[in-house]
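Only one structure is covered here, and it is reproduced in the block below.
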Amino acid sequence: MKKIIDAVETIVDQALDGMVVAYPEYLQRVEGTLVLARSKPKETGKVGLVSGGGSGHEPAHGGYVGYGMLDAAVAGEVFTSPTPDQVYAGIKAADRGAGVLLVVKNYTGDVMNFDIARELADADGIATEVVLVNDDVAVQDSLYTTGRRGIAGTVFVHKIAGAAAEEGADLSSVKVIADTVVANLASMGCALTSCTVPANGKPTFELGANEMEMGIGIHGEPGIERVPMMSASELTASLYHRLVAELSLGDGERIAAMVNSMGATPAIELAIMSGHLANLTKSSKLSLEKVLMGEFMTSLEMAGASLTLLRLDQQRSTLLNAACDTPALKVVKH
Amino acid sequence: MKKIIDAVETIVDQALDGMVVAYPEYLQRVEGTLVLARSKPKETGKVGLVSGGGSGHEPAHGGYVGYGMLDAAVAGEVFTSPTPDQVYAGIKAADRGAGVLLVVKNYTGDVMNFDIARELADADGIATEVVLVNDDVAVQDSLYTTGRRGIAGTVFVHKIAGAAAEEGADLSSVKVIADTVVANLASMGCALTSCTVPANGKPTFELGANEMEMGIGIHGEPGIERVPMMSASELTASLYHRLVAELSLGDGERIAAMVNSMGATPAIELAIMSGHLANLTKSSKLSLEKVLMGEFMTSLEMAGASLTLLRLDQQRSTLLNAACDTPALKVVKH
Amino acid sequence: MDQVAFRQLWRRFAELIHENREVLNDLDAAIGDADHGSNMDRGLGKVVEAFNANSEASLHADAKLVGMTLMSTVGGASGALWGSGMLKFSTVLPDAAVVEWSGFIDALDAFVEALSKRGQAVVGDKTMMDVFLPAMTELRDSVDVQEGSEEIVVALAEHAKGWSDATRDLVARRGRAAYLGERSIGHIDPGSVSAALWFQALADTVRDQVS
Amino acid sequence: MDQVAFRQLWRRFAELIHENREVLNDLDAAIGDADHGSNMDRGLGKVVEAFNANSEASLHADAKLVGMTLMSTVGGASGALWGSGMLKFSTVLPDAAVVEWSGFIDALDAFVEALSKRGQAVVGDKTMMDVFLPAMTELRDSVDVQEGSEEIVVALAEHAKGWSDATRDLVARRGRAAYLGERSIGHIDPGSVSAALWFQALADTVRDQVS
Ligand SMILES: Nc1ncnc2c1ncn2[C@@H]1O[C@H](COP(=O)(O)OP(=O)(O)O)[C@@H](O)[C@H]1O
Ligand SMILES: Nc1ncnc2c1ncn2[C@@H]1O[C@H](COP(=O)(O)OP(=O)(O)O)[C@@H](O)[C@H]1O
Ligand SMILES: [Mg+2]
Ligand SMILES: [Mg+2]
Ligand SMILES: [Mg+2]
Ligand SMILES: [Mg+2]
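Below, the structure written as structure tokens:
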């Protein structure tokens, strides 16, 4: 395992301090916790947004704390959901008196830890709502199992719900907007290499020279299928058609997309995928209004990429394009 | 070689198209060339800025095209300097009647190809100046050899010279400012893994499980020394002290820094380095006014990082903090 | 069971987890995210630290200390489950230094019920519940037997290991492994292994008490 | 030399570079950035394409076509050097279909001078100039010999290979390898190898003309 670290035990703590070093105008650390909160909290009376999860997904989640997106981000150990006390600290940091929306990716651990935190917040009189993100279409949705996972599409939830909260929408409205984002959101990813969980010290899985893993989650876990390497064109098309089918996107519909690197895959490859995406949307007569390309939800140093599609309506489009200013995502008004 | 590509020959062309797909509000491609130019050119009468180099350094160089930074970026094949005709096309795209500053990293190939392009521009009556970036302190400076290389510090030149040009400074003033940036700039990088040049299909060099390569350039070439892996603390200190010595930085001086990933090294590791950097500057009584942390000048999917220090004075500080809006770097006025 | 035994049980569990840390990570790597050993080891290390730093007045307080510590240091699915389970466990234990065997089983019953409620997993879902649920049945059947019956807990530890091993053939329906569907077949569930190790720790503790 | 021979020379050079593409990349990987073979191969492939698409009226025009093509397709240090060198070369060649051996040598002289001027490298700097500069001296000495003297060009090709091999022991002072300093010792300079291949192509062409 080759990583620029000091000790496995201190990675998360050190990294959070380093985030504040790099982004002091955006972030402060809530003392004694693994929570990053806005250095300039939003006005009282507005709904707070908290997101979080295991570390190792940088810039998620601290990178999305700032104007127009999150109010606080809660970090767990690498690939381990944060504990309820930490989530609760995040809720308190985000609460400006109008309640707090928790953005939770649908993993058992995240769901349970955030639920316990909500119970604590309840006891303290802080109103909370949850939006459960489950955009990963690689996984079958089912009532009888854990259902679909939340992956990179979560960033769209941060952006759109964050914009609504910034505009002053109340808690239940922000939740409704966030839920409709999720209802119109689909993602799928692939890995070209595994990543190495620092505490484990070796790659989580091994891939042959000509193999890729389709339908991976974001915890470096194996995907749902191992297939031979594809070209950029084949890969983009295969992900795209799957997402279009899941969302039943039809002629003339408006979409936003995210082409996300899992970590090691460089921007030049994402750009090639983005080119294919533009051509694919043209062929299916979809109106591609926005592409987020880059590292948004990573799995440490894994090579691979994910594609996300979001169906837009006027409201989501407006909120998506609303100004925001965070370390990892800035929408500047021209 | 596992990459999300279609064919080695079309990588650069496809990636440039993809950049326009992702950033249509910032970039347009100059038809028939490998040049990305601002989709909204700056006012006539202002100095143009052109930078460029081999591809594989994304977001460099197209990612820095936009308000307050570059006017055009010229791409070569992966790790190969662009050809003079392409550079000349970039110059023409950037020229708004007040001449063009070329930001050139000090590699033989870049220097010669940009020089030939200047001869073409000369013949056409477009005034050009060159700033030669040679921030890599791993390499001995010498009149009798190629001298020092230009690496990640180039981004500071884009930012500061770009801000001066945006403010309306004339060509010779912009060049003077750019030259003083270079005179106060020092960088050094390391690799934990090699990258694979697509056309070559295999890693450029091999590193043992406990080895790192110090003083690498940005073309995936071997560095100046192979050493055992260091901790984040040792690595940051070793790079830092080398840079401080080169710049003869003393008590109370103001600096900006860049903690740059070579590609695969994730943000969590950069953040750990940034934390150490902040402590180191405190110990040496330097005033660390700005940290750029992230992927700014990469070498495809290489794991590793570089550290850059820039001595600030009031002028450089003001220009560094001036608003800019490009795909890869945005300074938003709060 | 008294406080000494209770603490010994958890110290022993911490040891077993620490020894099996890599095994648990590897099992989790196959069908999850490779952190179950690290998570449990981190949390139980903190439990031992908490024991060393605090001498609580009662079993109730001890169990609460365990629950709070696990809840705030393990993280992930196992942290929420073990944490809230042990907090529930503590509410059932008396504010005293000793509890009857039957009282201990009642507390454990509350623990398992809390897990069921929180995690919604049933037998066959390929989770730690594949150990805890049958173990509870077996324990409840033993409620009349004297505390310290080495036989019972040793047999239980062995059975727990078997129930854990049997998760190998199951398709995961809860937790992170559920995303793998059929691909989860052929791998033992890591959480069931740590659950079985807890019963091993119980057996070891009772054996020590007796001898 | 006539246009047929001139084009054959470049076609042969293109072949040799293509065959040695990986060797050149590997040499460049050791002390540079692993692209010299790809760069030259890309450019020479385009030269062949340009030949196929254009029948120029003169040697001057043919040479200019080569220069423009290399200049705009090779890139890197070698592209700037070969490109501007061949453009210079073309200015010295007559607007005619044939040139005397001495005229060819004059053009080559201009080529090498352009390289020296652009690249500032001298013998011993571990670059293509370690082949071109001594080769020019040897050619100038042969200026009175009849065109088509197979002996001379075959010998020259052999010497060129030797000069290229000898770069192995040098410390690079120009080009990308210079950054490696002492570490560049022990590796042959890739640009010197492609330069030597050019002389090989020249020898092969002359041999073909003669036979
Ligand atoms: N809903 C659930 N109910 C009971 N146990 C569960 C549930 N989900 C997961 N588990 C257990 O948790 C274990 C995984 O724990 P761990 O790896 O520490 O957390 P995570 O899955 O969040 O990484 C699984 O092996 C399984 O036994
Ligand atoms: N200043 C120079 N003068 C002459 N030849 C040079 C000079 N610099 C580099 N070269 C030659 O160029 C070769 C490298 O070419 P190439 O790999 O295509 O370009 P780059 O170094 O830009 O990647 C070297 O092997 C060397 O022979
Ligand atoms: Mg986990
Ligand atoms: Mg090159
Ligand atoms: Mg796990
Ligand atoms: Mg090269």
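Residue numbers (the numbering used here), protein chains in the order written: chain A, 91 to 424; chain B, 91 to 424; chain C, 1178 to 1388; chain D, 1178 to 1388. Glycine included, each C-beta is placed from N, C-alpha and C at the ideal position. Only a predicted model underlies this, so the values are computations on that prediction, with no experimental measurement involved.
Near ligand 1: M348 (chain A) beta-carbon under 7 Å from a heavy atom:
To locate residue 348 (chain A), count along the first sequence from 1; it is residue 258. Taking the Cβ of M348 (chain A) as the reference point, every heavy atom of ligand 1 lies at 7 Å or farther away.
Please compile the residues from chain E whose C-beta is within a distance smaller than 7 Å of the C-beta of A105 (chain B).
No chain E is part of this structure, whose protein chains are labelled A, B, C and D.
Report yes if the CB atom of L126 (chain B) is closer than 8 Å to the CB atom of G152 (chain B), and no otherwise.
Sequence index remark: in the second sequence, residue 126 (chain B) carries index 36 (1-based). Sequence index remark: in the second sequence, residue 152 (chain B) carries index 62 (1-based). Contact flag set, yes.
What does a CB cutoff of less than 6 Å around A163 (chain A) pick up in its chain, not counting 5 residues either side in sequence?
Counting from 1 along the first sequence, the entry for residue 163 (chain A) is found at position 73. If we look at A163 (chain A) and ignore the five residues flanking it on each side, its Cβ neighbours are L126, S141, G142, H151, G152 and V155.
Cutoff 8 Å: M1305 (chain C) Cβ touching any chain A Cβ:
Locating residue 1305 (chain C) in the third sequence gives position 128, where the first residue counts as 1. It does not; no Cβ of chain A falls within 8 Å.
Candidates A:I95, A:D96, A:M91 and A:D107: closest to A368 (chain B) by CA position:
Taking the first residue of the second sequence as position 1, residue 368 (chain B) is located at position 278. Nearest C-alpha to A368 (chain B): A:D107.
Could you name each continuous alpha helix (DSSP H) segment of 4 residues or more that falls completely within the segment 264 to 293 of chain B, going from the start of the chain to the end?
If we require 4 residues or more, the segment 264 to 293 of chain B turns out to have no alpha helix (DSSP H) run fully inside it.
Is Y1356 (chain C) near ligand 1, in the sense that its beta carbon is under 7 Å from a heavy atom of that ligand?
As a working mapping, residue 1356 (chain C) is identified with position 179 in the third sequence. Not so, every heavy atom of ligand 1 lies at least 7 Å from the Cβ.
What does K420 (chain A) pair with, by DSSP beta-bridge criteria?
Within the first sequence, the letter at position 330 stands for residue 420 (chain A). DSSP output for K420 (chain A) lists A:D415 as bridge partner(s).
Check the Cβ-Cβ distances between G1301 (chain C) and every residue of chain A, and say whether any is below 8 Å.
The residue you call residue 1301 (chain C) lines up with position 124 of the third sequence. Proximity of G1301 (chain C) to chain A, defined by a Cβ-Cβ separation below 8 Å, is not satisfied.
What does DSSP give as the partner residue(s) for R238 (chain B) in the beta ladder?
Position 148 of the second sequence, counted from the start, is the residue given in the question as residue 238 (chain B). Answer is none; R238 (chain B) lacks a bridge partner.
Pick out every residue whose C-beta is nearer than 5 Å to a heavy atom of ligand 3: which are they, in chain order?
If you measure from each CB to the nearest heavy atom of ligand 3, the residues under 5 Å come out as A:F169, A:T170, C:D1210, C:D1212 and C:G1253.
Could you give the residue range of the alpha helix (DSSP H) that holds V1181 (chain D)?
The residue labelled residue 1181 (chain D) in the question sits at position 4 within the fourth sequence. Counting along the chain, the alpha helix (DSSP H) containing V1181 (chain D) begins and ends at Q1180 to E1196.
Taking the C-alpha atoms as reference points, what is the distance between L261 (chain B) and K375 (chain B)?
Here residue 261 (chain B) corresponds to residue number 171 of the second sequence, with the count starting at 1. Here residue 375 (chain B) corresponds to residue number 285 of the second sequence, with the count starting at 1. Near 36 Å, if we compare the C-alpha coordinates of K375 (chain B) and L261 (chain B).
Quick one: using the 10 Å Cβ neighbour count with 16 as the cut-off for buried, is N1229 (chain C) buried or exposed?
In the third sequence, residue 1229 (chain C) corresponds to position 52, counting from 1. Looking at its Cβ environment, which holds fewer than 16 other Cβ atoms inside 10 Å, N1229 (chain C) is exposed.
Identify the contact partners of G1363 (chain C) in chain A, using a Cβ-Cβ distance below 8 Å as the criterion.
In the third sequence, counting from the first residue as 1, residue 1363 (chain C) sits at position 186. Correct list: empty, because the minimum Cβ distance to chain A is about 12 Å.
Check each candidate in D:D1307, D:E1233, D:T1246 and D:T1304 and name the one with the smallest Cα separation from P1271 (chain D).
Here residue 1271 (chain D) refers to the residue found at position 94 when the fourth sequence is read from its first residue. Minimum Cα distance to P1271 (chain D) is reached at D:E1233.
Leaving out five residues on either side along the sequence, give the residues of the same chain with a beta carbon under 7 Å from the beta carbon of Y330 (chain B).
Taking the second sequence and counting its residues from 1, the one referred to as residue 330 (chain B) is at position 240. Non-local beta-carbon contacts of Y330 (chain B) in its own chain, meaning distances under 7 Å to residues more than five positions away in sequence, involve L367, L370 and L397 in chain order.
Going by DSSP, what residues sit across from L218 (chain B) in a beta bridge?
As a position in the second sequence, residue 218 (chain B) is number 128, starting the count at 1. Note on residue identity: the sequence assigns Thr, not Leu, to residue 218 (chain B). Looking at the DSSP assignment, T218 (chain B) forms a beta bridge with B:V190.
Using a Cβ cut-off of 8 Å, which residues of the segment 1185 to 1197 of chain C contact any Cβ in chain A, in chain order?
Result list empty, no residue passes.
Between the beta-carbon of T1463 (chain C) and the beta-carbon of G1220 (chain C), is there less than 8 Å?
With chain C represented from 1178 up to 1388, any question about residue 1463 (chain C) goes unanswered, as that position is not in the structure.
Is any heavy atom of ligand 6 found at a distance shorter than 7 Å from the C-beta of D415 (chain B)?
The residue labelled residue 415 (chain B) in the question sits at position 325 within the second sequence. Checking the 7 Å criterion, the Cβ of D415 (chain B) is out of range of every heavy atom belonging to ligand 6.
Under 9 Å by beta carbon: chain B residues contacting S1249 (chain D):
In the fourth sequence, residue 1249 (chain D) corresponds to position 72, counting from 1. By Cβ distance, chain B contributes T173, P174, D175 and Q176.
Check each residue of the segment 183 to 215 of chain B: if its Cβ is closer than 7 Å to any Cβ of chain D, include it; give the result in chain order.
Answer in chain order: Y197, T198, G199, M202, N203 and I206.
Proximity of G305 (chain A) and G313 (chain A) at Cβ, strictly below 8 Å
Counted from its first residue, the first sequence places residue 305 (chain A) at position 215. Counted from its first residue, the first sequence places residue 313 (chain A) at position 223. Between G305 (chain A) and G313 (chain A), the gap from beta carbon to beta carbon is short of 8 Å.
Using the rule of at least 16 other Cβ atoms within 10 Å of the residue's Cβ for burial, across every protein chain shown, is Y234 (chain B) buried or exposed?
Here residue 234 (chain B) refers to the residue found at position 144 of the second sequence. Exposed, by the Cβ-count rule.
Determine, using beta carbons only, whether V120 (chain B) comes closer than 8 Å to chain D.
Taking the first residue of the second sequence as 1, we reach residue 120 (chain B) at position 30. Chain D has no Cβ within less than 8 Å of the Cβ of V120 (chain B).
Confirm, please, whether the CB-CB distance from P172 (chain A) to A165 (chain A) is below 8 Å.
Working through the first sequence from its first residue, we reach residue 165 (chain A) at position 75. Working through the first sequence from its first residue, we reach residue 172 (chain A) at position 82. Yes. Within cutoff.
If you run the structure through DSSP and keep just helix, strand and coil, what is Y113 (chain B)?
As a first step, residue 113 (chain B) is located in the second sequence; it is residue number 23 there, counting from the start. Correct three-state label for Y113 (chain B): coil.
Is Q1297 (chain D) helix, strand or coil by DSSP?
The residue labelled residue 1297 (chain D) in the question sits at position 120 within the fourth sequence. Q1297 (chain D) falls in the coil class under three-state DSSP.
Take the Cβ of A1211 (chain D) as the centre, count every other Cβ of all protein chains shown within 10 Å, and call the residue buried at 16 or more, exposed below.
The count along the fourth sequence starts at 1 and reaches residue 1211 (chain D) at position 34. A1211 (chain D) should be labelled buried.
How long is the line joining the alpha carbons of T244 (chain A) and D161 (chain B), rounded to whole angstroms?
Counting from 1 along the first sequence, the entry for residue 244 (chain A) is found at position 154. Counting from 1 along the second sequence, the entry for residue 161 (chain B) is found at position 71. Computed Cα separation, rounded: 34 Å.
Residues from the segment 1279 to 1298 of chain C in contact with chain A, defined by Cβ distance under 8 Å
Those residues of the segment 1279 to 1298 of chain C that come within reach of chain A (Cβ to Cβ, closer than 8 Å) are R1295 and G1296.
Does DSSP put R1351 (chain C) in a helix, in a strand, or in coil?
For the purposes of this step, residue 1351 (chain C) is identified with residue 174 of the third sequence, where counting begins at 1. Correct three-state label for R1351 (chain C): coil.
Between the segment 387 to 407 of chain B and the segment 1240 to 1255 of chain C, are three or more C-beta pairs nearer than 8 Å?
Put simply, the segment 387 to 407 of chain B does not touch the segment 1240 to 1255 of chain C. Fewer than three CB pairs are less than 8 Å apart.
Relative to the alpha-carbon of S1389 (chain D), which residue among D:L1310, D:T1382 and D:G1301 has its alpha-carbon at the smallest distance?
Because chain D spans 1178 through 1388 in this model, residue 1389 (chain D) falls outside it and cannot be assessed.
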